[in-house]
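Residue numbers (the numbering used here): 1 to 554. The C-beta atom is built at its ideal place from N, Cα and C for all residues, glycine as well. Read through the structure below, which is laid out as C-alpha cells, and then see the notes.
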RNA sequence: GCGCCCAUGGCUCAGCUGGAUAGAGCGACGGUUUGCGGAACCGUAGGUCGCAGGUUCGAGUCCUGCUGGGCGCACCA
C-alpha cells in the first residue's frame, strides 16, 4: 500500500521539477508513514523537511509546492494537507481502500504474502538442544520463535529451510551413556553411588527400565567399556525421539536434522582445520591447536583441538557453518539462548577468517524464560533433574496459549511465564481475546445463514455502503497486514504480529458493539459481512504465522 | 575487570529505518445488553520514558558516561 503512495509522491515531485519549482539534486528518498492520529490523514510524508537543506527553502514552501502537484496528480487522493513544520498529510479516497480490500479477500489464505524476500535462500537453525534430556521451557521459547520466524520469512517471499543441529558428539554423550548404565545396574539391585555430575533426571531411569525390559540383565556383568556404547546410543536415540515428538506436538517441524557426528564421518571437520591452517589462522600451543580468532575481534584465541586430541564443539561448528554456506544459503540465522551470547564474536571471527561476509550470519539471542506459578519462580536445571519440561507446560496450558506467550514479547527481553495466568480463560489472556473475535465472526456468519442471507466470498458486493469512520479504521488495519509481515521478516521480530492482531481485533470488538451487521437492509448486511470476512481472513493468516489455531467455536 | 541484553504509569509490556499531544492490557474506580457470542464494549484516574551530557529543525528512539537488574567471560556443549 505504501509503495502505491510512494509512486504518487514521486510523480508529484517529478512534475514539480519539470515545472522548475524544485531542483531535487539529489532526488530524495521518499519516506511514507502513518500519522499517529488517524484524524490527521491516512499517510504522511516528510519529504519537504528533508529537502529543506538542499533546496535552501523553508519546508513549508516546499510542502505547498509538492501538495499542489499531488492534488492534480492522482484521484486516489481525497485530501492533501500541510501540517506542523512541513508534514504533508494525505487522505485517500474510500474507493482506494475498498479496491484493495476486495483484492485482499480474493487472496484469502494468501493475503499477507509479499515478495520482499525475492526467493533469497535463508537457513534458520533453532532449538538444537543437546539430546541429553527433554526440552524445557527455555527451548520452548526458542522453538516457538524460530518456527514462527520461519513461517513469516516464507510469507515474505524467502526460500526458507529450517534445521536442528544435533550435538551427538562429545563428553556429555558419554556422561549420558554412563548415567543410563548406572541407573540400569541400580534398578537391577546393585547399590550405586550416583555421581553428582551425571544426569540425574527421572527420564534416565525410564530409559534404563526400557533397556531392562528388552535386554534383561545382559549387560550386568560386562565391563564398562563394552556397555557404554550401547547405552549411549540407546539413550540418545530415545531422547531424540522424545524431542521430535514434543516439537511435533508443539507444531514445530524441521526440514532437516543435522548430525554433528556426520561432519566427522565425512572428514569435514578435518578439512576445515586444514583449510584454516593453510590460511595461516592456526597455531599450536601447550599441546593444543588454536584459532587466532583474536585477530578478528574476538577477545581471545580459541582452542580447536584439545591436547587430548579431541576436537572442541567450536571446531565442528566451524565445519558446520562452512557446510551451510556451501549449501548456498545467502542468509544464515541462528537462534540461541542468551546465555550463549559469548559465542557470537567467536563465530563471527571464524566466518571472517574464512573470508565470508559476516553479514550473512545473524545470531538471534532469545532471552530467558522465568516460569512462575502464581507469582512463585520455578527453577530449571537439566543436571539436577528439577525442571519444567516443555511437555508439562504444554499439557497444562495448551499449545495455543504456550505459543502465544512465547511470541507475544520481543525476544530480547526476559519473559515471565505465569502458568496460573496463562490458564485463565479470561480477558487477562490475549490469545483468547483474539480467538474469541474469530469465533464471534464465524458465529455471525452462522446466524446470517440461518436468517437466509445468501453469502458467497466470490460474489460481487456493493462496498460503497461501508461509510462509517470505524469501518475504514478496520479496513486500514486489515490492509496493513502485509506490511506488518514484511517488517517482522525484516526485523526478525515475531511479537509484532501479536500486537498487530490485538489492535485489529479490538477495533472489531468495538465496532461490533456499536453497529449491527445483520439487519433488514440486505445490501448493507452483505457489505458488512464482506468486511467481517476480511477480518476473519486476517486473524486466521496472522495466527497461522504464529502457529496458533483460529477456532470457529469456543 | 571485560563483554552482551534490559530499564517507559501500581503490575506486564508496545512504541515500526529519530518525527507532530508517549500507547495497550491487567489492577483501581464508574458505567453499558427485552436483538448478530458479556470470553465483549464505553469512560475516569495514573508517566520528569533510570540519571547526566551530546548529535539534530526534531530524541523514548542515535552517541558518550554513570546507576540499577539479568546473563556470560572453559582445552563444556
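Could you tell me the distance, in whole angstroms, from the CA atom of residue i to the CA atom of residue j?
i, j, result
"residue 352", "residue 304", "16 Å"
"residue 534", "residue 153", "22 Å"
"residue 517", "residue 463", "14 Å"
"residue 481", "residue 498", "11 Å"
"residue 272", "residue 296", "17 Å"
"residue 433", "residue 89", "34 Å"
"residue 73", "residue 115", "28 Å"
"residue 261", "residue 310", "13 Å"
"residue 375", "residue 401", "18 Å"
"residue 140", "residue 286", "41 Å"
"residue 279", "residue 483", "45 Å"
"residue 419", "residue 275", "50 Å"
"residue 331", "residue 81", "42 Å"
"residue 409", "residue 369", "11 Å"
"residue 37", "residue 372", "38 Å"
"residue 346", "residue 293", "7 Å"
"residue 83", "residue 27", "23 Å"
"residue 393", "residue 137", "7 Å"
"residue 307", "residue 168", "21 Å"
"residue 216", "residue 209", "9 Å"
"residue 500", "residue 207", "45 Å"
"residue 56", "residue 457", "54 Å"
"residue 108", "residue 156", "16 Å"
"residue 220", "residue 355", "53 Å"
"residue 150", "residue 191", "49 Å"
"residue 551", "residue 448", "18 Å"
Quick one: what's got a C-beta closer than 8 Å to residue i's C-beta in the same chain, skipping five residues either side?
i, result
"residue 32", "2, 5, 6, 9, 43, 44 and 45"
"residue 135", "127, 129, 143, 243, 246, 247, 389, 390 and 391"
"residue 251", "147, 399, 403 and 547"
"residue 212", "184, 187 and 188"
"residue 367", "338, 411, 412, 413, 414 and 415"
"residue 172", "130 and 132"
"residue 472", "94, 97 and 466"
"residue 263", "269, 316, 319, 320 and 323"
"residue 382", "With a pLDDT of 44 at residue 382, under the threshold of 50, the predicted position of this residue should be treated as unreliable, though the coordinate-derived value follows. Cβ neighbours of residue 382 beyond the five flanking positions: 132, 133, 136, 199 and 201."
What residues are listed by DSSP as bridge partners for residue i?
i, result
"residue 334", "125 and 363"
"residue 415", "369"
"residue 288", "285"
"residue 389", "136"
"residue 311", "305"
"residue 376", "373"
"residue 45", "32 and 88"
"residue 160", "122"
"residue 7", "Paired residues: none, contrary to the question."
"residue 165", "258"
Go through its chain and collect everything with a Cβ distance to residue i's Cβ below 7 Å, but skip five positions before and after it.
i, result
"residue 176", "132, 199, 232, 235 and 236"
"residue 35", "41, 44 and 89"
"residue 344", "363"
"residue 16", "22, 65, 66 and 69"
"residue 302", "290, 291, 293, 314 and 346"
"residue 405", "417 and 422"
"residue 145", "335, 366, 406, 407, 411 and 494"
"residue 360", "330, 331 and 332"
"residue 559", "For residue 559 there is no data in the structure shown, the boundaries of the chain being 1 and 554."
Leaving aside the five residues before and after residue i along the sequence, list all residues of the same chain whose C-beta is less than 6 Å from its C-beta, in chain order.
i, result
"residue 255", "161 and 162"
"residue 423", "397"
"residue 158", "117, 120 and 122"
"residue 226", "none"
"residue 21", "65"
"residue 395", "none"
"residue 526", "461"
"residue 504", "477"
Note down, one range per segment and in chain order, each beta strand (DSSP E) of at least 3 residues found wholly within the segment 73–149. You should have 77–83, 87–92 and 121–125.
Three-pair Cβ contact test at 8 Å for the segment 320–331 versus the segment 260–278: Because the criterion of three Cβ pairs below 8 Å is met, the segment 320–331 and the segment 260–278 touch.
Note down, one range per segment and in chain order, each beta strand (DSSP E) of at least 3 residues found wholly within the segment 175–259. Counting whole runs of 3 or more residues, the segment 175–259 contains the beta strand (DSSP E) stretches 256–259.
Contact between the segment 114–127 and the segment 95–102: three or more CB pairs below 8 Å? Short answer: they don't touch.
Looking at C-beta atoms only, is the number of pairs between the segment 61–74 and the segment 490–497 that lie closer than 8 Å three or more? The segment 61–74, when compared against the segment 490–497, does not touch it at the 8 Å Cβ threshold.
Could you say if the segment 432–446 and the segment 503–512 meet the contact criterion of at least three C-beta pairs nearer than 8 Å? Yes, the segment 432–446 touches the segment 503–512.
In chain order, what are the residue ranges of uninterrupted alpha helix (DSSP H) at least 4 long that sit wholly in the segment 451–532? As far as the segment 451–532 is concerned, its whole alpha helix (DSSP H) runs of at least 4 residues are 469–479, 481–491 and 495–514.
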